[in-house]
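> The structure that follows is given in the form of structure tokens.
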Amino acid sequence: MTWDVALILGIDGLANGAVYLLAGLGLVLIFSVTRVVFVPFGDVAAFSALSLAAFEQGRRPATISLVLTLAALAVIAEVVSLVRRGEAARIPRAILGWGLLPALPCALAWAVAGHEVPHALFIVTAILLVVPITPLVARLALQPIADASVLVLLIASLALHFLLSGLGLLFFGPEGSRTAPLAEGGLTLPGGFNVSGQVLLMLAAAVVLSGLFFLAFERTAIGKALRATAVNRVGARLVGIRPARTALLAYTFSSLLAGLIGVLVAPVTTMYYDSGFLIGLKAFVAAIIGGLVSYPLTALGAIAVGIVESFGSFWSGALKDVIVFSLLIPVLMLRSAMTRHPEEEVEEIDQ
149 MTWDVALILG
159 IDGLANGAVY
169 LLAGLGLVLI
179 FSVTRVVFVP
189 FGDVAAFSAL
199 SLAAFEQGRR
209 PATISLVLTL
219 AALAVIAEVV
229 SLVRRGEAAR
239 IPRAILGWGL
249 LPALPCALAW
259 AVAGHEVPHA
269 LFIVTAILLV
279 VPITPLVARL
289 ALQPIADASV
299 LVLLIASLAL
309 HFLLSGLGLL
319 FFGPEGSRTA
329 PLAEGGLTLP
339 GGFNVSGQVL
349 LMLAAAVVLS
359 GLFFLAFERT
369 AIGKALRATA
379 VNRVGARLVG
389 IRPARTALLA
399 YTFSSLLAGL
409 IGVLVAPVTT
419 MYYDSGFLIG
429 LKAFVAAIIG
439 GLVSYPLTAL
449 GAIAVGIVES
459 FGSFWSGALK
469 DVIVFSLLIP
479 VLMLRSAMTR
489 HPEEEVEEID
499 Q
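Encoded structure:
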């Protein structure tokens with residue numbers, strides 16, 4: 149391997165790492181607030197990419213039908229829950245929140261599909277269209293078991309992935325799509341190396357969004373409420389913070405991140421209904437490196453995953469995923485060695 153090849157692979161790894169960074173932030177946000185390892189994160193990103201591709205082809209995206217179906221089911225579930233608790237007066241509010249609000253981006257998508265509008269409007273609409281998916285899915289499947297163990301929540305989240313993957317096949321079909329580049333031109337580095345505008349956009353998006361997340365958590369009341377819930381759910385409830393509401397915010401923000409990831413990766417790879425699974429899985433590796441709690445370590449883990457994947461594809465394209473997932477072994481061994489286990493504490497007390 150020459151230095152030229154290493155530089156090209158390094159740039160490609162940074163671009164992949166930027167995507168995994170954003171996905172890892174979403175996964176850590178959801179887990180820290182709700183204790184849910186949200187496996188279907190990548191599926192939402194794939195739906196965003198397929199929605200943008202449908203807009204560019206002059207078709208109405210099937211995401212509209214998917215969101216409206218989930219919204220109708222969420223409204224029914226919420227109404228039934230309110231009636232059982234004797235809170236029928238809150239039904240209009242439930243219909244507004246779980247039915248009408250998710251329908252707004254669907255109405256926007258229906259209006260712009262098939263018309264000559266600025267491409268930026270297609271991008272924004274594709275992102276907004278998938279934002280309701282994660283909160284709606286969480287309301288239907290995860291909120292009723294919010295107090296269950298982490299293992300039960302993980303099993304439910306895995307089942308949700310297979311459900312969304314099947315719905316993706318049903319609504320979108322098996323065909324893949326790729327969208328037009330979001331940025332033209334590029335940057336020429338010393339030595340004659342060209343970095344495409346799309347790669348620069350992915351890197352810039354990761355840096356800017358990471359900075360915005362930091363500012364939001366440090367400077368805003370919503371960010372502080374999310375942090376408080378992540379640190380101590382009981383303590384947050386005692387000071388007036390509702391974990392159910394912060395969980396809804398976490399799902400919404402993560403869904404927004406997934407939508408952004410979808411439109412960023414759609415121009416550089418052909419996206420299918422199930423293409424998001426590997427994106428989410430590799431982001432999960434980055435999140436594990438961060439212990440599912442540390443955003444800076446997750447960012448470093450994402451960059452490491454991207455670079456390892458890039459160089460691994462050079463050495464063996466068939467084994468690149470195996471090489472990436474093998475990173476989990478030393479990380480888990482190191483964390484196990486550094487973590488005090490309850491059995492060890494009991495033994496110390498007995499002695």
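All you need for our numbering is the position in the sequence shown, starting with 1, plus 148. Just so you know, even glycine gets a beta-carbon here, dropped at the ideal spot from N, CA and C.
1) Grouping DSSP H, G and I as helix and E and B as strand, with all else coil, what is residue 184?
2) When the Cβ atoms of the segment 161-179 are set against those of the segment 356-366, are three or more pairs found closer than 8 Å?
3) May I ask you to report which of helix, strand or coil DSSP gives residue 442?
4) In angstroms, rounded to a whole number, what distance separates the CA positions of residue 150 and residue 157?
5) Between which two residues does the alpha helix (DSSP H) containing residue 358 stretch?
6) Is residue 424 helix, strand or coil by DSSP?
7) Is it the case that the segment 466-480 contacts the segment 424-434, given that we only count it when at least three CB pairs across the two stretches are under 8 Å?
8) What are the boundary residues of the alpha helix (DSSP H) that includes residue 250?
9) Would you tell me roughly how many angstroms separate the C-alpha atoms of residue 350 and residue 189, rounded to the nearest one?
10) Out of 315, 294 and 460, which has the shortest C-alpha to C-alpha gap to residue 392?
11) Measure how close the beta-carbons of residue 354 and residue 166 come, nearest whole angstrom, since I'm counting them as under 8 Å.
12) Do residue 412 and residue 181 count as a contact pair if the criterion is CB distance below 8 Å?
13) Using a 10 Å radius around the Cβ and a threshold of 16 neighbouring Cβ atoms, would you call residue 315 buried or exposed?
14) At the level of alpha carbons, what is the spacing between residue 409 and residue 198?
15) Using CA atoms only, rank isn't needed, just tell me which of 217, 318 and 208 is closest to residue 258.
16) For residue 440 and residue 290, what's the separation of their Cα atoms in angstroms?
17) If you compare alpha carbons, which of 231, 168, 243 and 261 is closest to residue 212?
18) Let me check one thing: in DSSP terms, what residues is residue 419 bridge-paired to?
19) Can residue 202 and residue 419 be called in contact, C-beta distance under 8 Å?
20) Quick check on the DSSP output: the alpha helix (DSSP H) that includes residue 469 runs from which residue to which?
21) Report the rounded CA-to-CA distance for residue 164 versus residue 385, giving the unit in angstroms.
22) For residue 343, which residues of its own chain have a beta-carbon under 7 Å away from its beta-carbon, when the five flanking residues on both sides are left out?
23) Assuming residue 221 and residue 288 form a contact by the criterion Cβ under 8 Å, report the distance between their Cβ atoms to the nearest whole angstrom.
24) Taking the alpha-carbon positions, what's the residue 154 to residue 483 distance?
25) Could you tell me which uninterrupted alpha helix (DSSP H) segments, each at least 4 residues in length, are contained entirely in the segment 201-236, listed from first to last along the chain?
26) Quick check: the Cα distance between residue 398 and residue 447, rounded to an integer number of angstroms?
27) Please report how far the alpha carbon of residue 455 lies from the alpha carbon of residue 464, in whole angstroms.
Taking the definition as stated:
1) Here residue 184 refers to the residue found at position 36 of the sequence shown. DSSP places residue 184 in coil when its eight states are reduced to three.
2) Segment contact: the segment 161-179 against the segment 356-366, three or more CB-CB distances shorter than 8 Å; contact assigned.
3) As a first step, residue 442 is located in the sequence shown; it is residue number 294 there, counting from the start. Three-state result, residue 442: coil.
4) Position 2 of the sequence shown, counted from the start, is the residue given in the question as residue 150. Position 9 of the sequence shown, counted from the start, is the residue given in the question as residue 157. So the two alpha carbons sit approximately 11 Å from each other.
5) Counting from one through the sequence shown, the residue named residue 358 turns up at place 210. DSSP places residue 358 inside the alpha helix (DSSP H), whose first and last residues are 345-367.
6) Numbered from its first residue, the sequence shown carries residue 424 at position 276. Residue 424 falls in the helix class under three-state DSSP.
7) Yes: at least three Cβ pairs fall under 8 Å.
8) As a first step, residue 250 must be located in the sequence shown, where it is residue number 102. If you look at residue 250, you'll find it in the alpha helix (DSSP H) that goes 249-260.
9) In the sequence shown, the residue the question calls residue 350 occupies position 202. In the sequence shown, the residue the question calls residue 189 occupies position 41. Their backbone Cα atoms lie some 18 Å apart in a straight line.
10) As a working note, residue 392 is residue 244 in the sequence shown. For the residues 315, 294 and 460, the minimum Cα distance to residue 392 belongs to 294.
11) Counting from one through the sequence shown, the residue named residue 354 turns up at place 206. Counting from one through the sequence shown, the residue named residue 166 turns up at place 18. Indeed, because the Cβ distance is near 4 Å, the residues count as touching under 8 Å.
12) Looking up residue 181 in the sequence shown gives position 33. Looking up residue 412 in the sequence shown gives position 264. Not a contact, by the Cβ cut-off of 8 Å.
13) Within the sequence shown, residue 315 is the residue found at index 167, counting from 1. The C-beta of residue 315 has 16 or more other C-beta atoms within 10 Å across all chains shown, which makes the residue buried.
14) Within the sequence shown, numbered from 1, the residue matching residue 409 stands at position 261. Within the sequence shown, numbered from 1, the residue matching residue 198 stands at position 50. In this structure, the CA atom of residue 409 is about 12 Å from the CA atom of residue 198.
15) The residue given as residue 258 occupies position 110 in the sequence shown. The shortest C-alpha separation from residue 258 is found at 208.
16) The residue labelled residue 440 in the question sits at position 292 within the sequence shown. The residue labelled residue 290 in the question sits at position 142 within the sequence shown. Take the alpha-carbon of residue 440 and the one of residue 290: they are about 19 Å apart.
17) Locating residue 212 in the sequence shown gives position 64, where the first residue counts as 1. With distances taken between Cα atoms, residue 212 lies closest to 261.
18) As a first step, residue 419 is located in the sequence shown; it is residue number 271 there, counting from the start. As a beta-bridge residue in DSSP terms, residue 419 pairs with 325.
19) For the purposes of this step, residue 202 is identified with residue 54 of the sequence shown, where counting begins at 1. For the purposes of this step, residue 419 is identified with residue 271 of the sequence shown, where counting begins at 1. Their beta carbons are not under 8 Å apart, which means residue 202 does not touch residue 419 by this criterion.
20) In the sequence shown, residue 469 corresponds to position 321, counting from 1. 468-473 is the extent of the alpha helix (DSSP H) around residue 469.
21) Within the sequence shown, residue 164 is the residue found at index 16, counting from 1. Within the sequence shown, residue 385 is the residue found at index 237, counting from 1. In this structure, the alpha-carbon of residue 164 lies about 38 Å from that of residue 385.
22) Taking the sequence shown and counting its residues from 1, one reaches residue 343 at position 195. The residues are 159, 334, 335 and 337.
23) Working through the sequence shown from its first residue, we reach residue 221 at position 73. Working through the sequence shown from its first residue, we reach residue 288 at position 140. For a cut-off of 8 Å, the C-beta gap from residue 221 to residue 288 is around 6 Å, short enough to register as a contact.
24) Within the sequence shown, the letter at position 6 stands for residue 154. Within the sequence shown, the letter at position 335 stands for residue 483. Whole-angstrom Cα-Cα distance: 31 Å.
25) Taking 4 residues as the shortest admissible run, the segment 201-236 contains the following complete alpha helix (DSSP H) segments, listed from N- to C-terminal end: 211-232.
26) Translated into the one-based positions of the sequence shown, residue 398 becomes position 250. Translated into the one-based positions of the sequence shown, residue 447 becomes position 299. Looking at the two C-alpha atoms, the distance is approximately 18 Å.
27) By one-based count along the sequence shown, residue 455 stands at place 307. By one-based count along the sequence shown, residue 464 stands at place 316. Each residue's Cα considered, the two are about 14 Å apart.
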